[in-house]
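Student:
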Amino acid sequence: MNNLEILYRQVIMDHYKNPRNKGLINDPTYKTVHIKNPSCGDDITIQSKIEGNIVKDVRHEGTGCSICCSSASVLSETLKGKTKEDAMIISKNYLNMLSNKEYDENVELDEAIVYQGVRKFPARIKCASIAWKAFEGTVEESE
Amino acid sequence: MDPYQMRKDFPVLNDETLVYLDTAASSLKPRKVLEAMDEYYEKYGVNVHRGVYNISYIATSKYEEAREKVSDFINASFEEIIFTRGASSALNLVASSYGLNNLTKDDEIIVSELEHHSQVLPWQNVSNITGAKLVYIPLNKEGRITIENFKKVLNSKTKIVAINYVSNVMGYVSPLKEMISLAHDFGALVSVDAAQAAPHMVVDVKDLDCDFLAFSGHKMLGPTGIGILYGKRDLLNTMPPVEFGGDMNDNVDLYSASWKDAPYKFETGTPPIAEAIGLGAAIEYINEIGLENIHNHEFMLKEYTIKKMKELKDITIYNETSETGIISFNVNGVHPHDAITFFDGDNICMRAGHHCAQLVIKWLKVVATLRVSFYVYNTIEDCDKFIESLKNARDFFKSVGF
Numbered sequence: 157m158n159n160l161e162i163l164y165r166q167v168i169m170d171h172y173k174n175p176r177n178k179g180l181i182n183d184p185t186y187k188t189v190h191i192k193n194p195s196c197g198d199d200i201t202i203q204s205k206i207e208g209n210i211v212k213d214v215r216h217e218g219t220g221c222s223i224c225c226s227s228a229s230v231l232s233e234t235l236k237g238k239t240k241e242d243a244m245i246i247s248k249n250y251l252n253m254l255s256n257k258e259y260d261e262n263v264e265l266d267e268a269i270v271y272q273g274v275r276k277f278p279a280r281i282k283c284a285s286i287a288w289k290a291f292e293g294t295v296e297e298s299e
Numbered sequence: 012m013d014p015y016q017m018r019k020d021f022p023v024l025n026d027e028t029l030v031y032l033d034t035a036a037s038s039l040k041p042r043k044v045l046e047a048m049d050e051y052y053e054k055y056g057v058n059v060h061r062g063v064y065n066i067s068y069i070a071t072s073k074y075e076e077a078r079e080k081v082s083d084f085i086n087a088s089f090e091e092i093i094f095t096r097g098a099s100s101a102l103n104l105v106a107s108s109y110g111l112n113n114l115t116k117d118d119e120i121i122v123s124e125l126e127h128h129s130q131v132l133p134w135q136n137v138s139n140i141t142g143a144k145l146v147y148i149p150l151n152k153e154g155r156i157t158i159e160n161f162k163k164v165l166n167s168k169t170k171i172v173a174i175n176y177v178s179n180v181m182g183y184v185s186p187l188k189e190m191i192s193l194a195h196d197f198g199a200l201v202s203v204d205a206a207q208a209a210p211h212m213v214v215d216v217k218d219l220d221c222d223f224l225a226f227s228g229h230k231m232l233g234p235t236g237i238g239i240l241y242g243k244r245d246l247l248n249t250m251p252p253v254e255f256g257g258d259m260n261d262n263v264d265l266y267s268a269s270w271k272d273a274p275y276k277f278e279t280g281t282p283p284i285a286e287a288i289g290l291g292a293a294i295e296y297i298n299e300i301g302l303e304n305i306h307n308h309e310f311m312l313k314e315y316t317i318k319k320m321k322e323l324k325d326i327t328i329y330n331e332t333s334e335t336g337i338i339s340f341n342v343n344g345v346h347p348h349d350a351i352t353f354f355d356g357d358n359i360c361m362r363a364g365h366h367c368a369q370l371v372i373k374w375l376k377v378v379a380t381l382r383v384s385f386y387v388y389n390t391i392e393d394c395d396k397f398i399e400s401l402k403n404a405r406d407f408f409k410s411v412g413f
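These protein sequence lines are chains A and B, in that order. If you're matching positions, the first sequence starts at 157 in the working numbering and goes up one per residue. If you're matching positions, the second sequence starts at 12 in the working numbering and goes up one per residue.
1) Only counting runs of 4 or more residues, tell me where the alpha helix (DSSP H) segments fall wholly within the segment 46–93 of chain B, in order along the chain.
2) Would you call the CB atoms of isoleucine 281/A and aspartate 198/A closer than 9 Å?
3) I'd like the span of the beta strand (DSSP E) that includes phenylalanine 21/B, first residue to last.
4) Determine the closest residue to serine 9/B out of Asp393/B, Thr281/B, His128/B, with distance taken between C-alpha atoms.
5) Use the C-beta contact count for arginine 61/B: other C-beta atoms within 10 angstroms, 16 or more gives buried, fewer gives exposed.
6) List in chain order: all unbroken alpha helix (DSSP H) runs of 4+ residues lying wholly within the segment 263–328 of chain B.
7) Assign cysteine 224/A to one of three DSSP states: helix, strand, or coil.
8) For histidine 216/A, which of helix, strand or coil comes out of DSSP?
9) Between His346/B, Phe353/B, Ile338/B, which has its C-alpha nearest asparagine 158/A's C-alpha?
10) Does proline 347/B get closer than 9 Å to chain A when you measure Cβ to Cβ?
11) Where does the unbroken beta strand (DSSP E) through aspartate 199/A begin, and where does it stop?
12) CB tyrosine 164/A to CB aspartate 349/B, shorter than 9 Å?
13) Which partner residues does serine 227/B have in the DSSP bridge list?
14) Quick one: grab the DSSP three-state call for leucine 145/B.
15) So if I threshold CB-CB distances at 9 Å, which residues from the segment 217–246 of chain A count as touching chain B?
16) Let me check understanding here. Comparing Cα to Cα, which of Asp258/B, Gly238/B, Phe340/B, Asn330/B lies closest to lysine 324/B?
17) Spell out whether any CB of chain A is found under 9 Å from the CB atom of methionine 137/B.
18) Could you say which of Leu232/B, Leu114/B, Gly291/B, Arg382/B lies nearest to glycine 364/B if we only look at CA atoms?
19) Would you list the one or two residues that DSSP bridges to threonine 157/B?
20) Am I right that tyrosine 386/B and lysine 43/B are in contact with their C-beta atoms under 8 Å? What's the rounded C-beta distance?
21) Using a beta-carbon distance cut-off of less than 7 Å, what residues from the segment 357–377 of chain B approach chain A?
22) With hydrogens ignored, establish whether the beta-carbon of lysine 271/B is closer than 8 Å to any heavy atom of the ligand PLP.
23) What does serine 195/A touch in chain B if you count any residue whose Cβ is under 8 Å from its own?
24) Quick one: residues in its chain with C-beta nearer than 6 Å to the C-beta of leucine 370/B, no 5 flanking neighbours on either side, listed in chain order?
25) Could you tell me whether the Cβ atoms of leucine 32/B and phenylalanine 397/B are closer together than 9 Å?
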């Protein structure tokens with residue numbers, strides 16, 4: 157497989173074509189963060205509902221390239237049901253993995269591991285990051 | 012002109028596999044420009060207009076010689092050329108100095124959806140502050156500004172027409188000369204964004220009779236950080252400065268001060284000296300080739316590429332009839348940011364996105380577009396490599412399920 161084929165893995169295409177947990181919920185117990193990349197037009201909104209210490213639900217809505225949109229869907233499946241602390245650890249590790257920084261390989265990234273391929277495309281790191289950064293924003297807001 | 016010979020002048024093109032199709036964002040820079048800037052830093056890299064010593068005199072002469080070259084380049088007078096940070100700050104200067112001080116709520120400002128953000132946003136700001144009404148020329152089916160539609164919005168309330176010479180997304184040339192004459196009949200001034208025109212075609216401010224005209228150095232083989240505002244002398248002299256400080260003043264008292272004449276009252280602080288000198292060298296390089304030759308070469312490459320693109324299925328072109336070297340398009344069903352990664356893999360540099368012109372992207376009803384733009388160093392082989400990559404990109408994205 158060449159780098160491009162690695163980037164556009166089946167998992168990514170599947171989440172792009174059939175996004176999970178898509179659509180926002182009008183409920184004040186959800187925290188909402190919207191991030192836009194004005195240079196390319198990626199536009200993502202992430203909602204999370206944290207109850208007790210558990211990420212009960214993650215929703216997303218937006219437009220953008222396949223990497224950006226699929227990553228929001230993958231994020232929602234990966235983090236739902238995790239504790240708040242675990243979710244933040246996974247997110248930090250995921251973002252560090254993308255930008256070729258040191259990260260803890262023992263942290264289970266689940267399906268999000270397929271975004272490893274993005275490392276070979278520095279110009280696309282932002283596409284794969286903004287949903288996760290928005291998620292971190294929702295957690296900060298809930299604190 | 013011989014693009015194959017000229018390519019040797021551009022150090023970035025030492026990488027022979029590189030296909031550079033993003034001049035509309037920024038052009039490559041020839042060695043001559045880099046050398047002119049190096050010479051300043053190595054031999055007389057000191058301040059201008061201030062030091063009373065030999066090398067400061069040389070620096071000042073070279074800086075002002077560059078102004079002379081710019082004024083000749085667009086058929087203006089020396090005092091009508093203001094050095095700015097770029098076309099954006101030049102267009103902002105017009106809005107901040109002329110617009111904020113002369114417009115009121117009863118006035119109208121005409122713009123279009125084809126404008127770059129640097130032309131429309133400063134006037135949006137003037138409109139918000141003064142209450143003057145922002146009016147858009149309806150674009151025709153192709154997305155062009157037409158005289159017929161311009162007449163629909165032009166009236167005695169119009170005070171400013173802020174318009175592009177060449178659209179950075181569609182590559183269309185606006186019918187400026189007639190528009191300017193019509194605007195003047197109503198007493199309105201015309202401020203022209205020539206960032207995509209000055210590098211590619213003859214711009215003559217006297218022939219156009221425009222009141223203001225702006226362009227950037229880095230899109231025309233020059234360095235970044237330098238741009239030009241042309242303004243008619245009488246207008247510039249009635250306009251207040253927007254930045255205050257060293258070099259722009261005449262006499263300074265405790266509670267008041269007076270200003271130098273244009274252009275100096277608009278150039279406070281130490282200017283981009285090396286950049287102005289570099290721009291002068293870029294203009295010399297362009298003059299040696301000739302703007303008509305440049306325009307014909309780009310148009311030939313654009314026509315050739317469009318013809319090849321039309322033979323391919325699943326490609327949408329948005330500006331087939333453009334008169335310049337800009338092509339905006341998409342691969343059907345593929346987000347431009349996905350597509351661009353494929354081209355990047357083939358070492359082809361081009362643009363994907365809004366191109367700092369969200370209004371026309373919205374007018375086109377697309378999320379973003381891909382854009383190819385040509386210049387002196389591009390060849391038929393560049394076009395062929397692009398077409399080959401475009402075919403492969405389309406097939407690849409289909410194969411992975413787009």
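Glycine is no exception: its CB is placed at the ideal position from the N, C-alpha and C atoms.
Tutor: With the structure as the only source:
1) 65–84
2) no
3) Here phenylalanine 21/B belongs to no beta strand (DSSP E), and DSSP marks it neither H nor E.
4) The requested residue 9/B is not part of the displayed model; chain B covers only 12 to 413.
5) exposed
6) 284–300, 302–321
7) helix
8) strand
9) Phe353/B
10) yes
11) 198–207
12) yes
13) Gly238/B
14) strand
15) Thr219, Gly220, Cys221, Ser222, Ile223, Cys224, Cys225
16) Phe340/B
17) Looking at the sequence provided, one finds valine at residue 137/B rather than methionine. Valine 137/B does not count as touching chain A.
18) Arg382/B
19) Threonine 157/B is not bridged to any residue.
20) Their Cβ separation, rounded to whole angstroms, is 15 Å, which puts tyrosine 386/B and lysine 43/B out of contact at 8 Å.
21) Ala363, Gly364, His365
22) Judged by which ligands are present, the structure shown has none, so any question about the ligand PLP falls away.
23) Gly364, His365
24) Glu124
25) yes
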